[in-house]
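To start, the structure itself, in structure tokens.
Following this line, the structure appears as structure tokens:
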């Protein structure tokens, strides 16, 4: 939007101010209810309700969890979804969302919303990026328009969206990378953490009951991870994210980094592993003490004919399903999973029908929530190790035999 | 599928036989309940329930009403959907659907299903078509495989699908066309009507409570339309379709053909105008005595950002909706229509999000059903002319004023 156009819009529509907190707002809090080994069972409170942890947060990139009605997302048990600051700042813009009453109202989702800072997607999607101490300049991948995203502007945007759980701007680099480069990006992210926090307080985030999480960086370098975690721990963040993992390294490297990083992070704050992961990643990471996850995998896979089930990953494109009258999993409580034959799902996927994506996305989000429910119950019961072993066995056994 | 592969499949999976009629099957019947002018209020009974007429039948081409859950289709008030024989015979094949228990079970739709004969889409979609007295040879638009569709095979396929209301194979030509060509195609369609009926009786269609409709052809030539209607009327069809309209001619030509054709058709059988049309087409055609319609318009428009409403057609792509917090129509009983802001719908459409197509398709099918409900109630009350005038006024007034 040109500046002249923006000013004209502001005059016509009124200024964009962050949406008010809901009546009777609860302040952000985290209760650690129970541990089992290093696995943690907790409860997050936000202005839009509670989130039982460990929790998986479906990704609602452009103010929609792709191919799903939000009512169905809620029915799977999801209590929080993620919005992408990068996408939303470009379209429909944070100012427009604010004028329309905030992201919750805009997308018909009255539970908790977490937003990222935009930094990760600037790096992966935007054009002509130029990063310096101040922030990052880039051009939109949609129309080439120029933007300047700083730590302050990122928090401002997240405030305009009315996000319950906001993220500091950080610099996330790909692995493998040289130590010097990892260190530079991590130190920059620490300085941006301070500026993000200052902006969050200027925006009255704490008074609105919202949260701002700091993000631990440091690539695959143990001492840099520890320094990042310890320095961030000195700032009054409501929670802490582990960023910069699942960016090209093998799973065992990611898990080693969790083993090293988590003990250096505050115990009584939620811990969010960003952009992760496969069902196995979730199981392994909860075992190590992670409380929150987000990932596009279940939604993206659903649009490509892939179903996540307790039998592992099922490719509905395969001809073995063409005459199979059985549902994906008759024991599931999800209508998408127990109510449609594999033959029908196969047909929809082969024919490129939207209903195929709708049903498989629904199934996948439901399965991810089932997995999290299973882990939460196991931690409560002190039987996480059993659950872990049994779940791995189920996956290893694979899909039900073909007819 | 090669013949060898087909025979191997048959041996493994058992032969494909038409699905049984539901228990306590009602036979097809049509009651003419009330008339108001030439407009008719009726009720069709089929093995899968009743259909209040005049009725609009959403199109479920490939065993799915595109971008909708069948539960939502049902919630709009639809009591019958259409399946396309051409698409289904290619993929997943009628034999496969039969082995899986029939089309109702396959697509999770327990109400009435009407199928076309496949002829229309062979003409519009298939490759290398060759039509002769026997039938039509063509190659699939999907994989180039060769097929031979005859009147007998078309009815056989519809029986295998378990269709409640089946159509004879006919030849539908584009308008404008020479009289000789219109006449040739109409006479061929009459001979195919006889063969279709014989096959339907060999398949025990009447005993299963199913219906076969004859199709009136004759293009825009009045005496050919009348001859077609009268000759078909001598055969024991359960209902009659008017085909070969809305194929390129102006609306007034279509309506003139209805004025000429309908009086020559049996009064106590349902009358189905195939492939029609806009809301205005429906209003004009019900006024002339049509009982059933199908059209891809509401579903296709929904995937292209267009909403049908009582204010006429609304293009959600237009910038005027970008900041509009109002729903499409707050007085609607459809969640898609009354629960999401125009600004949100605009955003979804601009961003190419699947939820945009899902919501607008739902809105459009709901609006079409609302329009039919309105017409049915008006005929019952003897106030069809008022309803007709008021509805046209609403459309002429157009959308609510921009903010």
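Chains as they are written, first to last, in our numbering: chain A, 1 to 403; chain B, 404 to 806.
Glycine is no exception: its CB is placed at the ideal position from the N, C-alpha and C atoms.
Inset, instruction - Would you mind sorting residue 674 (chain B) into buried or exposed? The rule is 16 or more other CB atoms within 10 Å of its CB. - result: buried
Inset, instruction - Would you list, in sequence order, the uninterrupted beta strand (DSSP E) runs of no fewer than 3 residues that lie entirely inside the segment 635-704 of chain B? - result: 642-645, 674-676, 695-697
Inset, instruction - Using a Cβ-Cβ cut-off of less than 8 angstroms, give me the residues of the segment 320-340 of chain A that come near chain B, in sequence order. - result: 322, 323, 325, 339, 340
Inset, instruction - Show which residues of chain A have a CB atom less than 7 angstroms away from the CB atom of residue 467 (chain B). - result: 348, 353, 355
Legend entry - Residues of the segment 490-503 of chain B with Cβ closer than 7 angstroms to any Cβ of chain A, in chain order: 494, 495, 499, 502, 503
Inset, instruction - Compute the distance between the beta-carbons of residue 652 (chain B) and residue 623 (chain B), then report whether it is under 9 angstroms. - result: yes
Legend entry - Spatially closest choice to residue 447 (chain B) from B:604, B:515, B:637, B:736, by CA coordinates: B:515
Legend entry - Of the residues A:117, A:377, A:64, A:92, the one placed nearest residue 109 (chain A), counting alpha carbons only: A:64
Inset, instruction - For the segment 550-564 of chain B, enumerate the residues whose C-beta is nearer than 7 angstroms to any C-beta of chain A, in chain order. - result: none
Inset, instruction - Please list, in chain order, all residues of the same chain as residue 371 (chain A) whose beta carbon is under 8 angstroms from its beta carbon, the five residues on each side excluded. - result: 56, 279, 282, 283, 391
Legend entry - Three CB pairs or more closer than 8 angstroms across the segment 468-479 of chain B and the segment 750-766 of chain B: yes
Inset, instruction - Compute the Euclidean distance between the alpha carbons of residue 431 (chain B) and residue 452 (chain B), then round it to the nearest angstrom. - result: 10 angstroms
Legend entry - Start and end residues, beta strand (DSSP E) containing residue 432 (chain B): 432-439
Legend entry - Check whether residue 657 (chain B) and residue 630 (chain B) have beta carbons under 9 angstroms apart: no
Legend entry - Rounded C-alpha distance that separates residue 419 (chain B) from residue 505 (chain B): 10 angstroms
Legend entry - As assigned by DSSP and simplified to three states, the class of residue 113 (chain A): strand
Inset, instruction - In angstroms with no decimal places, state the Cα-to-Cα distance between residue 245 (chain A) and residue 24 (chain A). - result: 37 angstroms
Inset, instruction - Say whether the segment 744-757 of chain B touches the segment 712-727 of chain B, bearing in mind that this needs 3 or more beta-carbon pairs closer than 8 angstroms, one atom from each stretch. - result: yes
Legend entry - Interface partners of residue 416 (chain B) on chain A, CB under 8 angstroms: 323
Legend entry - the segment 226-243 of chain A contacting the segment 259-275 of chain A, beta-carbon criterion three pairs below 8 angstroms: yes
Inset, instruction - Find the residues of chain B that neighbour residue 107 (chain A), judging by a C-beta separation of less than 8 angstroms, and give them in chain order. - result: 747
Legend entry - Beta-carbon separation (whole angstroms), residue 620 (chain B) vs residue 575 (chain B), contact threshold 8 angstroms: 7 angstroms
Inset, instruction - Taking the CB atoms as reference points, tell me whether residue 699 (chain B) and residue 787 (chain B) lie closer together than 9 angstroms. - result: no
Legend entry - Residues that residue 16 (chain A) contacts on chain B, provided the C-beta gap is smaller than 9 angstroms: Within chain B, no residue comes near residue 16 (chain A); the closest Cβ sits about 11 angstroms away, beyond 9 angstroms.
Inset, instruction - Could you run through the segment 301-317 of chain A and flag, in chain order, every residue whose CB is less than 9 angstroms away from some CB of chain B? - result: 303
Inset, instruction - Please confirm if residue 67 (chain A) has its CB atom under 9 angstroms from at least one CB of chain B. - result: yes
Inset, instruction - In the DSSP assignment, find the unbroken beta strand (DSSP E) run with residue 217 (chain A) in it and report its ends. - result: Run containing residue 217 (chain A): none; DSSP gives neither H nor E here.
Inset, instruction - Can you check the segment 79-151 of chain A for any alpha helix (DSSP H) of at least 4 residues that lies completely inside it and give the ranges in chain order? - result: 85-90, 94-99, 103-107, 119-125
Inset, instruction - Compute the Euclidean distance between the alpha carbons of residue 141 (chain A) and residue 121 (chain A), then round it to the nearest angstrom. - result: 10 angstroms
Legend entry - Contact belief for residue 18 (chain A) with residue 159 (chain A) at Cβ below 8 angstroms, rounded distance in angstroms: 5 angstroms
Inset, instruction - Taking residue 329 (chain A) as the reference, give the member of A:401, A:203, A:97 with the closest Cα. - result: A:401
Inset, instruction - Please decide whether residue 373 (chain B) counts as near chain A, where near means a Cβ-Cβ distance under 9 angstroms. - result: Here chain B covers residues 404 to 806 and nothing more, so residue 373 (chain B) does not appear.
Inset, instruction - Tell me whether residue 417 (chain B) is buried or exposed, calling it buried when 16 or more other Cβ atoms sit within 10 Å of its Cβ. - result: exposed
Legend entry - From B:760, B:530, B:784, residue whose alpha carbon lies closest to that of residue 739 (chain B): B:760
Legend entry - N- and C-terminal bounds of the beta strand (DSSP E) containing residue 359 (chain A): Run containing residue 359 (chain A): none in the beta strand (DSSP E); it sits in the alpha helix (DSSP H), 354-381.
Inset, instruction - Would you verify that the beta carbon of residue 274 (chain A) is, or is not, closer than 9 angstroms to some beta carbon of chain E? - result: Included in the structure are the protein chains A and B, with no chain E among them.
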